[in-house]
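Peer 1: Please find one structure pasted underneath; my questions will follow.
Residue numbers (the working numbering), protein chains in the order written: chain A, 8 to 235; chain B, 332 to 740.
Given below as structure tokens:
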């Protein structure tokens, strides 16, 4: 089976820090299959955040090739990147990043607004919240929800546009281990049910162990790939 | 994203920080209120002045001796025969009536009360020409002129000063420059005029003034000739006719008239250009505060952009394009200034109304006028200010790099 949703060849990323050039990625080539669960690990400074940003289309690589769900990402302008992020990528962040003034429902609705969906937005958002088990919390604001519930809202928001990949950046980092495991179970179940590719960036071996494959980065390069 | 949705979202966001939104808006409120109040007061002042000028009569012309500038030396005075020549309906068909007057100041007294007033020596034509109405008693007649009668009509202010009342004065005797004059009538109240109150005036027969009070040389000199033209449209024709007759009589060269013809329209034009300049000037000063308010908006929007860097990063990660972010912040800033502008209009209108009431109470009829155009102008202008001063912060927000914005603490 070769149904790769992510294909990169020789990705490089160079940051200019004053006089210094920082090579955050030094030639990363990888393939991730549709429906796969992949963990990306590595010490800080290994380039895993840069890789996540690049795979999530938040940033353009300096060199190399990146094909996401059949579309070549390099050479796209800012607005086209925004469009790709909107349609193909769902983000789950360590610190949830919900809009504090908006209800759970409006938060989940946000990507639909940017994608220009006009009809049935509320219904879609409601279904997404039901899928993460928050059907009874749709009118609550983030401050009225627990950390685990907030992360569930964030997951619903990431999934509402039915993206090709779900990027989770330390999704359990701000949660205690019990709630963290619940979130992991939820993510894995969603992956099983809907087949959304799941990419987890983490430094927690227990989290990484639940993925089908672990990619370890070191110094901007892939050091090893381990299949679980 | 539809507009309505962004407006609601902007309102939610502004509502989230009421104190700050309120203070930012205050700048615009004060600016717009100042502009609206100034324009209203200016328009009110203009209406009052123009109203008192129209009271003079739109088809009225004034003829004075003397050129329009310093170049005419030794002008020949206007005389009674000049006035009579103007009454000739063959050479001046568009002239309806002519009222020559002598005018000066005189002291009027009654049982110890004395007052200095404007004394005008008039002919019977004066009353219709100047729209003077007698509230009690009679006008000056041809018999009074012929007999150089010692009779006088009092303006209400003079009556107030001398008698403390305005009725029942016909038959009383007052002294004008020491000479006894019998009161034959009281003039109706006229209000303020260009040169002070028109009610502090007394009217005597022309011949009486000429012979006994305001002696001029030559003896048949007149100070002003009021000319009424047949209708308001023929004022220009009338002016030409007067000019032709008088220059012929005074033997002046073309363009060197030794008299000046002034129409009520000229006064209206002068007055409106003066009040117009004043209104623009004061309104301009008020507009500076609007500018300051706009800078306040820019300032607070910049703070808001910095504060919400993470939110902007998140929105971009979820697929917001530059345009979406731009619209979001521009909606907020223009909404701030639009709402501020609307409150400012109400406040400015209220200020104008209060000033109007106060000045009416204190005796000057004055009606501040908030025009629709001023309201529209203020609304549009304040929104434009919000847009303009919002552009820089909004642009800054829209151009944030999502990766860095998300990392921002």
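Built from N, CA and C at the ideal position, the CB exists for glycine as well.
Could you check what DSSP says for residue 17/A in three-state terms: helix, strand or coil?
Peer 2: The residue you call residue 17/A lines up with position 10 of the first chain. Strand, per DSSP.
Peer 1: List the endpoints of the continuous beta strand (DSSP E) containing residue 562/B.
Peer 2: As a working note, residue 562/B is residue 231 in the second chain. Segment: none, residue 562/B is in no beta strand (DSSP E) and carries neither H nor E.
Peer 1: Put residue 519/B into one of helix, strand or coil per three-state DSSP.
Peer 2: Along the second chain, one-based indexing puts residue 519/B at 188. Of the three classes helix, strand and coil, the one that applies to residue 519/B here is coil, per DSSP.
Peer 1: With 16 as the cutoff for other CB atoms within 10 Å, does residue 564/B come out buried or exposed?
Peer 2: On the second chain, residue 564/B is found 233 positions in, with the first residue counted as 1. The residue is exposed, with fewer than 16 neighbouring Cβ atoms inside 10 Å.
Peer 1: According to the neighbour-count rule (16 or more other Cβ atoms, all chains shown, within 10 Å of its Cβ), is residue 22/A buried or exposed?
Peer 2: As a position in the first chain, residue 22/A is number 15, starting the count at 1. Residue 22/A comes out exposed.
Peer 1: Identify the contact partners of residue 347/B in chain A, using a Cβ-Cβ distance below 9 Å as the criterion.
Peer 2: Position 16 of the second chain, counting from 1, holds the residue named residue 347/B. Simply 107, 108.
Peer 1: For residue 649/B, would you say it is in contact with chain A, using Cβ-to-Cβ distances shorter than 9 Å as the test?
Peer 2: For the purposes of this step, residue 649/B is taken as the residue at position 318 of the second chain. Chain A, which has a Cβ nearer than 9 Å to the Cβ of residue 649/B, makes this yes.
Peer 1: Taking a cut of 9 Å between CB atoms, which residues from the region 631–649 of chain B lie near chain A?
Peer 2: Here the close residues are 641, 642, 644, 645, 646, 647, 648, 649.
Peer 1: For residue 459/B, does the three-state DSSP call read helix, strand or coil?
Peer 2: Indexing the second chain from 1 puts residue 459/B at position 128. Three-state result, residue 459/B: helix.
Peer 1: Quick check on the burial criterion: 16 or more other C-beta atoms within 10 angstroms. Buried or exposed for residue 149/A?
Peer 2: Walking along the first chain from the start, residue 149/A turns up at place 142. Residue 149/A is buried by the Cβ-count criterion.
Peer 1: Just to check my reading of the structure: residue 58/A and residue 34/A have Cβ atoms closer than 8 Å, yes? What is that Cβ distance to the nearest angstrom?
Peer 2: Stepping through the first chain from its first residue, residue 58/A is reached at position 51. Stepping through the first chain from its first residue, residue 34/A is reached at position 27. About 12 Å separates the two Cβ atoms, so there is no contact after all.
Peer 1: Mapping the DSSP letters down to three states, classify residue 71/A as helix, strand or coil.
Peer 2: Walking along the first chain from the start, residue 71/A turns up at place 64. In the structure shown, residue 71/A sits in a strand (DSSP, three-state: E or B).
Peer 1: Going straight from the alpha carbon of residue 234/A to that of residue 207/A, what length do you get?
Peer 2: Working through the first chain from its first residue, we reach residue 234/A at position 227. Working through the first chain from its first residue, we reach residue 207/A at position 200. When rounded, the distance between both Cα atoms is 15 Å.
Peer 1: Note the first and the last residue of the continuous alpha helix (DSSP H) segment covering residue 416/B.
Peer 2: On the second chain, residue 416/B is found 85 positions in, with the first residue counted as 1. Counting along the chain, the alpha helix (DSSP H) containing residue 416/B begins and ends at 411–417.
Peer 1: Could you work out which residue in 167/A, 54/A, 137/A, 99/A is closest to residue 121/A when comparing CA atoms only?
Peer 2: On the first chain, residue 121/A is found 114 positions in, with the first residue counted as 1. Residue 167/A is the option with its Cα nearest to residue 121/A.
Peer 1: In this structure, does DSSP put residue 600/B in helix, strand or coil?
Peer 2: Numbered from its first residue, the second chain carries residue 600/B at position 269. Residue 600/B: helix per DSSP, three-state reduction.
Peer 1: Can you give, in chain order, each stretch of the alpha helix (DSSP H) that sits fully within the region 80–104 of chain A and has at least 4 residues?
Peer 2: The qualifying runs are 85–95.
Peer 1: So, are the CB atoms of residue 12/A and residue 204/A less than 9 Å apart?
Peer 2: Position 5 of the first chain, counted from the start, is the residue given in the question as residue 12/A. Position 197 of the first chain, counted from the start, is the residue given in the question as residue 204/A. The answer is yes: Cβ separation under 9 Å.
Peer 1: Is residue 445/B helix, strand or coil when you go by DSSP?
Peer 2: Counting from 1 along the second chain, the entry for residue 445/B is found at position 114. Strand.
Peer 1: Identify the continuous alpha helix (DSSP H) that holds residue 646/B and give its terminal residues.
Peer 2: Start at 1 with the first residue of the second chain, and residue 646/B comes out as number 315. Residues 640–648.
Peer 1: Check each residue of the region 64–92 of chain A: if its Cβ is closer than 8 Å to any Cβ of chain B, include it; give the result in chain order.
Peer 2: Of all residues in the region 64–92 of chain A, 65, 66, 85, 86, 89, 90, 92 have a Cβ within less than 8 Å of some Cβ in chain B.
Peer 1: With distances taken from CA atoms, which of 101/A, 136/A, 85/A, 77/A is nearest residue 183/A?
Peer 2: Numbered from 1 along the first chain, position 176 holds the residue referred to as residue 183/A. Comparing Cα-Cα distances from residue 183/A to each of 101/A, 136/A, 85/A, 77/A, the minimum goes to 101/A.
Peer 1: If I measure Cβ to Cβ from residue 489/B and keep anything under 8 Å in the same chain, skipping five residues before and after, which residues do I get?
Peer 2: For this step, residue 489/B is matched to residue 158 along the second chain. Hits under 8 Å: 439, 446, 448, 530, 531, 532, 533.
Peer 1: Tell me residue 489/B's beta-bridge partners as DSSP assigns them.
Peer 2: Here residue 489/B corresponds to residue number 158 of the second chain, with the count starting at 1. Residue 489/B is not bridged to any residue.
Peer 1: What residues in the region 39–61 of chain A bring their beta carbon closer than 9 Å to a beta carbon of chain B?
Peer 2: So the close ones are 56, 57, 60.
Peer 1: Which partner residues does residue 27/A have in the DSSP bridge list?
Peer 2: Here residue 27/A refers to the residue found at position 20 of the first chain. For residue 27/A, which the question treats as bridged, DSSP gives the partners 24/A.
Peer 1: Just the Cα atoms here: how many angstroms apart are residue 117/A and residue 737/B?
Peer 2: Reading the first chain from its first residue, position 110 is the one you call residue 117/A. Reading the second chain from its first residue, position 406 is the one you call residue 737/B. If I take the Cα positions, the gap works out to 17 Å.
Peer 1: According to DSSP, residue 484/B sits in a beta bridge with which residue or residues?
Peer 2: Stepping through the second chain from its first residue, residue 484/B is reached at position 153. Answer is 516/B, 534/B.
Peer 1: Taking 9 Å as the threshold (C-beta atoms), are residue 678/B and residue 368/B in contact?
Peer 2: What you label residue 368/B is simply residue 37 of the second chain in a count that begins at 1. What you label residue 678/B is simply residue 347 of the second chain in a count that begins at 1. It is a contact, given that the beta carbons lie within the stated cut-off.
Peer 1: According to DSSP, is residue 709/B part of a helix, a strand, or is it coil?
Peer 2: The residue given as residue 709/B occupies position 378 in the second chain. In the structure shown, residue 709/B sits in a helix (DSSP, three-state: H, G or I).
Peer 1: Sort 655/B, 707/B, 646/B, 662/B by Cα distance to residue 672/B and report the nearest one.
Peer 2: On the second chain, position 341 is the one that residue 672/B refers to. Nearest option by C-alpha distance: 707/B.
Peer 1: Using 10 angstroms around the beta-carbon of residue 730/B, count the other beta-carbons present and answer buried if the total reaches 16, otherwise exposed.
Peer 2: Translated into the one-based positions of the second chain, residue 730/B becomes position 399. Exposed.
Peer 1: Starting from the beta carbon of residue 336/B, find every residue of chain A whose beta carbon is closer than 8 Å, and list them in chain order.
Peer 2: To locate residue 336/B, count along the second chain from 1; it is residue 5. In chain order: 120.
Peer 1: Taking 8 Å as the threshold, find out whether the region 559–575 of chain B comes into contact with the region 488–507 of chain B through three or more Cβ pairs.
Peer 2: Contact fails: fewer than three Cβ-Cβ distances are below 8 Å.
Peer 1: Counting only C-beta atoms, is residue 168/A closer than 9 Å to chain B at any point?
Peer 2: In the first chain, counting from the first residue as 1, residue 168/A sits at position 161. Output row for residue 168/A: interface = yes.
Peer 1: Comparing the C-beta of residue 125/A with each C-beta of chain B, is any distance below 9 Å?
Peer 2: For the purposes of this step, residue 125/A is taken as the residue at position 118 of the first chain. Output row for residue 125/A: interface = yes.
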